[in-house]
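One structure below.
Numbering (our numbering), first residue to last: 31 to 264.
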(Lines of atoms letter the chains of each structure in order from A; the text may use other names.)
(Lines give C-alpha, C1' and ligand atoms only; values in the text may rest on other atoms or scores of the structure.)
Protein backbone atom coordinates (compact mmCIF):
# COMPACT_ATOMS: atom_id res chain seq x y z
CA UNK A 31 0.00 0.00 0.00
CA UNK A 32 1.37 3.44 -0.92
CA UNK A 33 1.88 6.24 1.59
CA UNK A 34 -0.91 8.25 -0.06
CA UNK A 35 -3.34 5.32 0.21
CA UNK A 36 -2.42 4.93 3.88
CA UNK A 37 -3.08 8.60 4.56
CA UNK A 38 -6.44 8.48 2.78
CA UNK A 39 -7.46 5.42 4.80
CA UNK A 40 -6.48 7.31 7.95
CA UNK A 41 -8.73 10.19 6.91
CA UNK A 42 -11.62 7.85 6.13
CA UNK A 43 -11.28 6.05 9.46
CA UNK A 44 -11.32 9.27 11.39
CA UNK A 45 -14.32 10.44 9.42
CA UNK A 46 -16.20 7.34 10.52
CA UNK A 47 -15.12 7.95 14.11
CA UNK A 48 -16.67 11.39 14.02
CA UNK A 49 -20.05 10.39 12.60
CA UNK A 50 -22.72 11.76 12.48
CA UNK A 51 -20.66 14.92 12.01
CA UNK A 52 -18.89 15.80 8.80
CA UNK A 53 -15.14 15.30 8.38
CA UNK A 54 -13.26 17.87 6.32
CA UNK A 55 -9.80 17.34 4.84
CA UNK A 56 -7.47 19.37 2.66
CA UNK A 57 -5.79 17.61 -0.23
CA UNK A 58 -2.51 15.90 0.58
CA UNK A 59 -0.48 18.53 -1.25
CA UNK A 60 2.81 18.23 0.62
CA UNK A 61 5.05 15.37 -0.56
CA UNK A 62 6.04 12.98 2.20
CA UNK A 63 9.77 13.50 2.68
CA UNK A 64 9.88 12.70 6.39
CA UNK A 65 8.06 10.58 8.91
CA UNK A 66 4.31 11.09 9.10
CA UNK A 67 2.83 11.46 12.59
CA UNK A 68 -0.90 11.03 13.14
CA UNK A 69 -2.43 12.46 16.32
CA UNK A 70 -5.82 11.68 17.84
CA UNK A 71 -7.22 12.87 21.16
CA UNK A 72 -10.64 12.22 22.69
CA UNK A 73 -12.03 14.25 25.57
CA UNK A 74 -14.56 12.89 28.06
CA UNK A 75 -17.13 15.51 27.06
CA UNK A 76 -17.74 17.64 23.97
CA UNK A 77 -14.98 20.04 23.03
CA UNK A 78 -15.69 23.63 23.98
CA UNK A 79 -15.66 25.60 20.76
CA UNK A 80 -16.92 29.01 19.72
CA UNK A 81 -20.57 28.06 20.40
CA UNK A 82 -19.91 28.49 24.14
CA UNK A 83 -18.23 31.90 24.03
CA UNK A 84 -14.45 31.84 24.09
CA UNK A 85 -13.27 28.32 23.21
CA UNK A 86 -11.03 26.30 25.47
CA UNK A 87 -7.41 25.77 24.46
CA UNK A 88 -6.38 22.44 22.90
CA UNK A 89 -2.71 21.98 22.02
CA UNK A 90 -0.32 19.20 21.05
CA UNK A 91 3.22 20.20 22.03
CA UNK A 92 6.20 18.56 20.31
CA UNK A 93 9.89 18.45 21.14
CA UNK A 94 11.91 17.09 18.21
CA UNK A 95 15.20 15.43 19.10
CA UNK A 96 18.22 14.08 17.25
CA UNK A 97 18.53 11.43 19.98
CA UNK A 98 16.66 8.13 19.81
CA UNK A 99 15.95 8.33 23.55
CA UNK A 100 16.10 11.96 24.72
CA UNK A 101 16.64 12.48 28.44
CA UNK A 102 15.18 15.99 28.75
CA UNK A 103 11.79 16.57 30.32
CA UNK A 104 10.06 17.46 27.04
CA UNK A 105 6.84 19.50 26.89
CA UNK A 106 4.94 19.70 30.18
CA UNK A 107 1.74 21.47 31.28
CA UNK A 108 1.59 24.92 32.82
CA UNK A 109 -0.12 23.97 36.07
CA UNK A 110 -0.24 27.41 37.72
CA UNK A 111 -0.55 30.61 35.66
CA UNK A 112 2.86 31.74 34.45
CA UNK A 113 5.38 31.36 31.64
CA UNK A 114 3.70 31.54 28.26
CA UNK A 115 0.45 30.25 29.75
CA UNK A 116 0.22 26.96 27.84
CA UNK A 117 3.41 24.85 27.80
CA UNK A 118 6.60 24.60 29.83
CA UNK A 119 9.68 22.39 29.78
CA UNK A 120 11.22 21.69 26.38
CA UNK A 121 9.38 22.07 23.09
CA UNK A 122 10.26 22.91 19.52
CA UNK A 123 6.75 23.15 18.03
CA UNK A 124 3.09 23.04 18.87
CA UNK A 125 -0.19 22.53 17.01
CA UNK A 126 -3.29 24.31 18.24
CA UNK A 127 -6.94 23.80 17.38
CA UNK A 128 -8.75 27.13 17.39
CA UNK A 129 -12.24 27.23 15.83
CA UNK A 130 -12.00 31.03 15.57
CA UNK A 131 -9.18 30.85 13.00
CA UNK A 132 -8.99 29.64 9.42
CA UNK A 133 -7.64 27.03 9.07
CA UNK A 134 -8.64 25.77 12.49
CA UNK A 135 -5.44 23.77 12.98
CA UNK A 136 -2.17 25.72 12.90
CA UNK A 137 1.48 24.73 13.42
CA UNK A 138 3.84 27.00 15.35
CA UNK A 139 7.60 26.83 15.87
CA UNK A 140 9.23 28.15 19.03
CA UNK A 141 12.00 30.65 18.33
CA UNK A 142 13.79 30.36 21.68
CA UNK A 143 14.28 27.92 24.53
CA UNK A 144 12.29 30.09 26.95
CA UNK A 145 9.17 29.25 24.88
CA UNK A 146 8.13 32.91 24.92
CA UNK A 147 8.42 33.51 21.17
CA UNK A 148 6.84 31.51 18.37
CA UNK A 149 6.10 31.72 14.65
CA UNK A 150 3.23 30.34 12.58
CA UNK A 151 4.71 27.96 9.99
CA UNK A 152 1.75 26.15 8.45
CA UNK A 153 -1.14 23.75 8.88
CA UNK A 154 -1.24 19.94 9.12
CA UNK A 155 -1.34 17.95 5.89
CA UNK A 156 -4.51 16.21 7.10
CA UNK A 157 -6.97 17.28 9.76
CA UNK A 158 -10.58 17.03 10.89
CA UNK A 159 -12.55 20.15 11.76
CA UNK A 160 -14.78 18.86 14.58
CA UNK A 161 -18.46 19.69 14.45
CA UNK A 162 -20.24 21.18 17.48
CA UNK A 163 -20.70 18.45 20.06
CA UNK A 164 -17.74 16.36 18.84
CA UNK A 165 -15.11 15.21 21.34
CA UNK A 166 -12.27 14.14 19.01
CA UNK A 167 -9.36 16.13 17.60
CA UNK A 168 -7.30 14.51 14.84
CA UNK A 169 -4.60 15.68 12.47
CA UNK A 170 -1.46 14.50 10.66
CA UNK A 171 1.97 16.10 10.25
CA UNK A 172 4.94 15.41 8.02
CA UNK A 173 8.23 16.05 9.83
CA UNK A 174 9.38 17.98 6.76
CA UNK A 175 6.82 20.62 7.73
CA UNK A 176 8.68 21.21 10.99
CA UNK A 177 12.34 21.33 9.93
CA UNK A 178 14.21 22.00 6.66
CA UNK A 179 14.08 19.05 4.27
CA UNK A 180 17.86 18.70 4.44
CA UNK A 181 17.64 18.14 8.22
CA UNK A 182 14.73 15.68 8.35
CA UNK A 183 16.95 12.59 8.61
CA UNK A 184 18.75 14.05 11.64
CA UNK A 185 15.68 13.81 13.87
CA UNK A 186 15.17 10.41 15.48
CA UNK A 187 12.41 10.98 18.03
CA UNK A 188 9.82 13.38 19.36
CA UNK A 189 8.53 14.02 22.86
CA UNK A 190 4.80 14.75 22.69
CA UNK A 191 2.18 15.97 25.12
CA UNK A 192 -1.53 16.59 24.72
CA UNK A 193 -2.51 19.75 26.63
CA UNK A 194 -5.96 21.15 27.40
CA UNK A 195 -6.74 24.26 29.46
CA UNK A 196 -9.54 26.72 30.07
CA UNK A 197 -7.30 29.74 29.30
CA UNK A 198 -3.70 30.81 28.70
CA UNK A 199 -3.65 33.52 31.35
CA UNK A 200 -0.19 34.07 32.80
CA UNK A 201 -1.57 35.38 36.11
CA UNK A 202 -4.70 35.05 38.21
CA UNK A 203 -6.59 32.04 39.49
CA UNK A 204 -9.24 29.62 38.29
CA UNK A 205 -6.96 27.59 36.04
CA UNK A 206 -8.16 24.18 34.85
CA UNK A 207 -5.94 21.90 32.76
CA UNK A 208 -5.18 18.36 31.70
CA UNK A 209 -2.19 16.61 30.10
CA UNK A 210 -0.80 13.10 29.73
CA UNK A 211 -0.58 11.32 33.07
CA UNK A 212 -2.79 11.57 36.13
CA UNK A 213 -2.90 15.24 37.13
CA UNK A 214 -3.91 14.25 40.68
CA UNK A 215 -0.62 12.38 41.21
CA UNK A 216 2.40 14.68 41.54
CA UNK A 217 4.79 12.11 40.06
CA UNK A 218 2.65 11.79 36.90
CA UNK A 219 2.03 15.47 36.14
CA UNK A 220 4.96 15.69 33.70
CA UNK A 221 4.44 12.63 31.47
CA UNK A 222 5.05 13.34 27.77
CA UNK A 223 5.33 10.32 25.50
CA UNK A 224 8.50 9.73 23.46
CA UNK A 225 7.99 8.32 19.95
CA UNK A 226 10.59 7.04 17.49
CA UNK A 227 10.50 8.67 14.07
CA UNK A 228 12.41 5.91 12.27
CA UNK A 229 10.11 3.00 13.18
CA UNK A 230 6.48 2.36 12.24
CA UNK A 231 4.61 2.16 15.51
CA UNK A 232 1.34 3.07 17.24
CA UNK A 233 1.50 4.61 20.72
CA UNK A 234 -1.71 4.94 22.71
CA UNK A 235 -3.24 5.18 26.15
CA UNK A 236 -3.07 1.43 26.73
CA UNK A 237 0.54 0.86 25.64
CA UNK A 238 2.30 3.57 27.68
CA UNK A 239 3.16 3.30 31.40
CA UNK A 240 1.36 6.41 32.69
CA UNK A 241 -2.22 5.84 31.60
CA UNK A 242 -4.27 8.98 31.04
CA UNK A 243 -7.38 8.55 33.25
CA UNK A 244 -10.69 10.33 33.16
CA UNK A 245 -11.68 12.40 36.19
CA UNK A 246 -8.34 14.11 36.84
CA UNK A 247 -9.87 17.47 35.86
CA UNK A 248 -13.39 18.53 36.78
CA UNK A 249 -14.51 19.79 33.35
CA UNK A 250 -15.25 16.95 30.86
CA UNK A 251 -14.47 19.29 27.95
CA UNK A 252 -10.87 19.39 29.20
CA UNK A 253 -10.61 15.83 30.49
CA UNK A 254 -8.45 13.77 28.11
CA UNK A 255 -10.04 10.32 27.95
CA UNK A 256 -7.95 8.68 25.23
CA UNK A 257 -5.15 9.43 22.78
CA UNK A 258 -3.16 7.84 19.96
CA UNK A 259 0.06 8.79 18.15
CA UNK A 260 0.91 6.76 15.05
CA UNK A 261 4.30 7.09 13.35
CA UNK A 262 4.83 6.05 9.74
CA UNK A 263 8.57 6.09 9.06
CA UNK A 264 9.76 7.49 5.71
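Just so you know, even glycine gets a beta-carbon here, dropped at the ideal spot from N, CA and C.
Just so you know, these numbers come straight off a predicted model, no measurement behind them.
Check	Outcome
Over the uninterrupted beta strand (DSSP E) stretch that includes residue 125, give me the two end residues.	123-127
Exposed or buried, which one is residue 126 when buried takes at least 16 other CB atoms within 10 Å?	buried
May I have the straight-line CA-CA distance separating residue 239 from residue 195, to the nearest angstrom?	23 angstroms
Mark residue 122 as exposed unless 16 or more other C-beta atoms lie within 10 angstroms of its C-beta, in which case mark it buried.	buried
Nearest CA to the CA of residue 77: which residue from 86, 70 and 69?	86
Applying the 10 Å Cβ sphere with the 16-neighbour rule, what's the burial state of residue 81?	exposed
Whose C-beta lies closer than 6 angstroms to the C-beta of residue 260 among residues of the same chain, with five residues either side of it excluded?	68 and 232
According to the neighbour-count rule (16 or more other Cβ atoms, all chains shown, within 10 Å of its Cβ), is residue 132 buried or exposed?	exposed
Taking the alpha-carbon of residue 186 as reference, which of 84, 79 and 93 has the nearest alpha-carbon?	93
What is the residue span of the beta strand (DSSP E) that residue 216 lies within?	That residue, residue 216, is in no beta strand (DSSP E); it is neither H nor E in DSSP.
To the nearest angstrom, report how far apart residue 174 and residue 104 are at their CA atoms.	20 angstroms
Comparing alpha-carbon positions, which option in 179, 64, 72 and 180 lies nearest residue 192?	72
Would you identify the three-state DSSP class for residue 223, choosing helix, strand or coil?	strand
Of all the options 102, 169 and 163, which has the alpha carbon lying nearest to the alpha carbon of residue 155?	169
For residue 253, which of helix, strand or coil comes out of DSSP?	coil
What residues match up with residue 137 in a beta bridge as DSSP calls it?	125 and 152
Pull the bridge partners of residue 168 from the DSSP assignment, please.	70
Just reading off the beta strand (DSSP E) that residue 95 is part of, what are its end residues?	87-95
Let me check one thing: in DSSP terms, what residues is residue 194 bridge-paired to?	88 and 208
Is residue 187 helix, strand or coil when you go by DSSP?	strand
As a quick exercise: from 258, 150 and 172, pick the residue whose alpha carbon is nearest that of residue 65.	172
Apart from the five residues on each side of it in sequence, which residues of its chain come closer than 7 angstroms, Cβ to Cβ, to residue 124?	89, 90, 91, 92, 117 and 138
Do you know how far the Cα of residue 148 is from the Cα of residue 188?	18 angstroms
Starting from the Cα of residue 177, find the closest Cα among 96, 206 and 262 and give me that residue.	96
Leaving out five residues before and five after residue 111 in sequence, what residues of the same chain have Cβ atoms less than 8 angstroms from its Cβ?	199, 200, 201, 202, 203 and 205
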